[in-house]
Amino acid sequence: MVESPLRIILFILLVSVASVYVHIYLYRRLFRDTSTNPAWRTAGKVLLTALCLPLLLSWVVTRIVPSAFIVAVAAWTWMGVAVYLLLALALLGGVRGLVARTRGHRGVAAPLATPAPDPAAPPSLADLAVSVPPPSSAVPPVPPVDEDRRRFLARATAGGAVLAAGGLTGYGMWSAFHPPVVNEVAVRLPGLPKALDGFTLVHMSDIHVGPIIQRRFMDELVRRANALKPDLVAITGDLVDGTVDDLRHSVAALQNLQARAGTHFITGNHEYYWNASKWADALTGLGVTVLRNRHVTVGDAGGAFDVVGVDDWSMRNGPKGYNLDAALAGRDPGRAAVLLAHQPSNWDVAAKAGMGLQLSGHTHGGQFFPFTIAVSTIWKHDAGLFQEGENSLYVSRGTGFWGPPLRVAAPSEIVKVTLLAV
């Protein structure tokens, strides 16, 4: 990807510092606070160091040694567990603090009411005695901290957090490996001929075939896609996480897709990590139409529309990247068009250029909570169908997963899009 070295270094430093701090925090809450046993605390230090280091090195190592990708997936899985541990510890710690404050106020009697003094009466000796401050010895001593009780609460909090994080992680992994849900949407496409009203596309994105997602997963995707009887299949990037030599067999499942107008593919940012040009050639050899800043016309004399494909937006400043002008060169502007673009970026410009529908992915919809919230904050169009006037954008949550094999509050999906004539 075309990124400045300074930005990459700053990003790595920020993530590394955050990761180290998180692991120190987890050590304190799960090991230091729960026991004074030196062996237990030493085991915690060793364990969390062993979990932290692969996470810090995973991004660099997988670029240098692709075969280490499976180890990186394990490290990323731990990242997901660590996130849920943090959330659970924060929640349970808050409840624990609230209970402690409530217990601290129990049994404290309200001060007795005293009658208001008569301003006309002279001060009595009792009044004068009250006005004299009590000696310092009258202040009640602070009760000693009950260490056993504190340790018991720390253990209860840590145990609850481990159970909660384990449960969420287990559900997230089940959801990630579970076949994608099928979502169906109908979209009015400006300029679509009446003869093509009801034309269907199956949209898949961000499958991330790699050491974890392999041929069995791909065969199930193909079966589900074919069951929808699409007229065209569109794959909007991030198909692979690995080399052609390692993943050719798994990706070859795409040859079994059945669509009258064929299967169309565009690059995502991950294709550039693994030689986008070589993957483009391999997919072409499998009978997939690869659209790298170009368009094709679908239909016949009775009615047609254009499928336009652009390379990934992140490479727009590189020698081979997003170039909408090149993709539209020579196109009849009066013909309806569907744009395939990996990232939901530049939609406003594409719409003005006549792209009635844009199909994108990239965001994964956040993939798992709480990153779902972060992604919805960062991306204006994070997941689902968006419409402005006659123009539409559909952003897929992704058909596979990347990084931690987790899907929580953002299930993977296959999207069936039905085009309607305006």
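For the sequence shown, the UniProt record's numbering puts the final residue at 422, and the numbers step up evenly by one.
Glycine included, C-beta positions come from ideal geometry on N, C-alpha and C.
Computed from a predicted structure; not experimentally measured.
Check: Touch check for the region 215-223 and the region 236-246: three-plus C-beta pairs under 8 Å?; Outcome: no
Check: Could you name the residues of the same chain whose beta carbon sits closer than 7 Å to that of Phe369, not counting the 5 residues immediately before and after it, in chain order?; Outcome: Val408, Ala409
Check: When the Cα of Ala88 is compared with those of Arg292, Leu247, Ala156, which residue comes out closest?; Outcome: Ala156
Check: Could you check which residue in Trp59, Leu53, His342, Gly44 has the C-alpha nearest to that of Arg292?; Outcome: His342
Check: If you follow the beta strand (DSSP E) that Ile373 is in, where does it begin and where does it stop?; Outcome: It is not in any beta strand (DSSP E) - Ile373 instead sits in the alpha helix (DSSP H) that spans 371-378.
Check: Please determine whether the Cβ atom of Ser16 lies at a distance below 7 Å from any heavy atom of the ligand SAH.; Outcome: Summarising the ligand content, the structure contains no ligands, and the ligand SAH is consequently not present.
Check: Just how far apart, CA to CA, sit Val108 and Gly94?; Outcome: Any answer about Val108 is weak, because its pLDDT of 48 lies below 50 and its placement is not dependable; what the coordinates show is given next. Those two C-alpha atoms are separated by around 23 Å.
Check: What does a CB cutoff of less than 8 Å around Leu420 pick up in its chain, not counting 5 residues either side in sequence?; Outcome: Ala186, Val187, Arg188, Leu189, Leu192, Asp197, Gly198
Check: Give a yes or no on whether the C-beta atoms belonging to Val338 and Leu324 are separated by under 8 Å.; Outcome: no
Check: In angstroms with no decimal places, state the Cα-to-Cα distance between Arg151 and Asp206.; Outcome: 46 Å
Check: Could you have a look at Gly356 and say whether DSSP puts it in helix, strand or coil?; Outcome: coil
Check: Ignore the nearest five residues each way along the sequence and tell me which others in Val61's own chain have a CB closer than 6 Å to its CB.; Outcome: Ala68
Check: Tell me, please, which residues DSSP counts as bridged to Asp300.; Outcome: Gly303
Check: Could you tell me whether the region 211-218 touches the region 74-86, using the rule of 3 or more Cβ pairs below 8 Å?; Outcome: no
Check: If you check the beta carbons only, do Leu57 and Ala161 fall under 8 Å apart?; Outcome: no
Check: In the DSSP assignment, find the unbroken alpha helix (DSSP H) run with Tyr171 in it and report its ends.; Outcome: 147-177
Check: With DSSP as the reference, label Asn37 as helix, strand or coil.; Outcome: coil
Check: Check whether the region 258-266 touches the region 381-398, counting contact only when three or more Cβ pairs, one atom from each stretch, lie closer than 8 Å.; Outcome: no
Check: At what residues does the beta strand (DSSP E) containing Thr284 begin and finish?; Outcome: No beta strand (DSSP E) holds Thr284; the alpha helix (DSSP H) holding it covers 276-285.
Check: Could you check if Leu6 is buried or exposed, using at least 16 other CB atoms within 10 Å of its CB as the buried criterion?; Outcome: exposed
Check: Can you grab the Cα-Cα spacing for the pair His203 / Gly366, in whole Å?; Outcome: 18 Å
Check: How would you call Thr42, buried or exposed, if buried means at least 16 neighbouring beta carbons within 10 angstroms?; Outcome: exposed
Check: Skipping 5 residues on each side, what residues in its chain have a beta carbon closer than 8 Å to that of Ala110?; Outcome: The predicted model places Ala110 with a pLDDT of 46, which falls under 50 and marks its position as unreliable; any figure quoted below should be read in that light. So the list is empty, once near-sequence residues are dropped.
Check: Applying the criterion that 16 or more other CB atoms from any shown protein chain within 10 Å of the CB defines a buried residue, is Val290 buried or exposed?; Outcome: buried
Check: Where do the N-terminal and C-terminal ends of the beta strand (DSSP E) with Asn256 fall, by residue?; Outcome: It is not in any beta strand (DSSP E) - Asn256 carries neither H nor E in the DSSP assignment.
Check: For Ser277, count neighbouring Cβ atoms within 10 angstroms of its own Cβ and tell me buried if that reaches 16, exposed if not.; Outcome: exposed
Check: Would you tell me roughly how many angstroms separate the C-alpha atoms of Ser16 and Thr297, rounded to the nearest one?; Outcome: 48 Å
Check: Helix, strand or coil: how does DSSP classify Ser345 here?; Outcome: coil
Check: Return the chain-ordered list of same chain residues with a C-beta closer than 6 Å to the C-beta of Leu112, the five sequence neighbours on each side being excluded.; Outcome: Confidence at Leu112 is low in this model, with a pLDDT of 49, below 50, so its placement is unreliable and the value that follows should be read with caution. Taken in chain order, the list of residues that qualify is empty.
Check: Assuming His178 and Arg215 are in contact, meaning their beta carbons sit under 8 Å apart, how far apart are those beta carbons, in whole angstroms?; Outcome: In fact, because the Cβ distance is near 17 Å, the residues do not count as touching under 8 Å.
Check: Are the beta-carbon atoms of Asp312 and His295 separated by less than 8 Å?; Outcome: no
Check: Determine the closest residue to Arg149 out of Thr34, Tyr84, Leu232, Leu48, with distance taken between C-alpha atoms.; Outcome: Thr34
Check: So which of Leu393, Lys320, Gly330 has the shortest CA-CA distance to Ser345?; Outcome: Leu393
Check: Does DSSP put Arg294 in a helix, a strand or coil?; Outcome: strand
Check: Where do the N-terminal and C-terminal ends of the beta strand (DSSP E) with Phe401 fall, by residue?; Outcome: From DSSP, Phe401 is part of no beta strand (DSSP E); its letter is neither H nor E.
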